[in-house]
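Here is the structure we will look at, set down as structure tokens.
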Amino acid sequence: MKKAKERTCPVCGIGSLEAGHTTLTFEPGGAVIVVQRVPARVCSNCGEDFVAEDIGRKVYALAQDAVDRGVRFDVRIYKSGNIPEAA
Ligand SMILES: [Zn+2]
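Per the working numbering, residue 4 is the first one in the sequence shown, and the count goes up by one each step.
Given below as structure tokens:
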């Protein structure tokens, strides 16, 4: 079994994925929640960003929680806390 980490961008096939940050936007039920500085791997060629599944889930839960509390529009900064940076 090969356990190679994805290093080449699967979108353009040229760039390499490097640790960085991205901005995620969620629109649950018509609300708009923007979360900035989410750890992601970003392609050095096309700029496509890839967020780890667990981080994506956490950010989505954060957005959903805000909407549940009646927020219709918000811009937040992601706090990494004890989540390891995407390598
Ligand atoms: Zn790319």
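Every residue, glycine too, gets a C-beta built ideally from N, C-alpha and C.
Note that the coordinates shown come from a computational prediction; the quantities given were computed from them, not determined experimentally.
Remark: three or more beta-carbon pairs, one from each stretch, lie closer than 8 Å, so the region 10-18 and the region 42-58 are flagged as touching.
Nearest C-alpha to residue 54 among 36, 29, 23: 23. Residue 64 carries a helical assignment under DSSP once its states are collapsed to helix, strand and coil.
When the beta-carbon positions are compared, residue 77 and residue 69 come within less than 8 Å of each other. For residue 21, the Cβ stays outside the 7 Å cut-off from all heavy atoms of ligand 1.
Exclusion of residue 54 from the 7 Å shell around ligand 1 follows from its C-beta lying no nearer than that to any non-hydrogen atom of the ligand.
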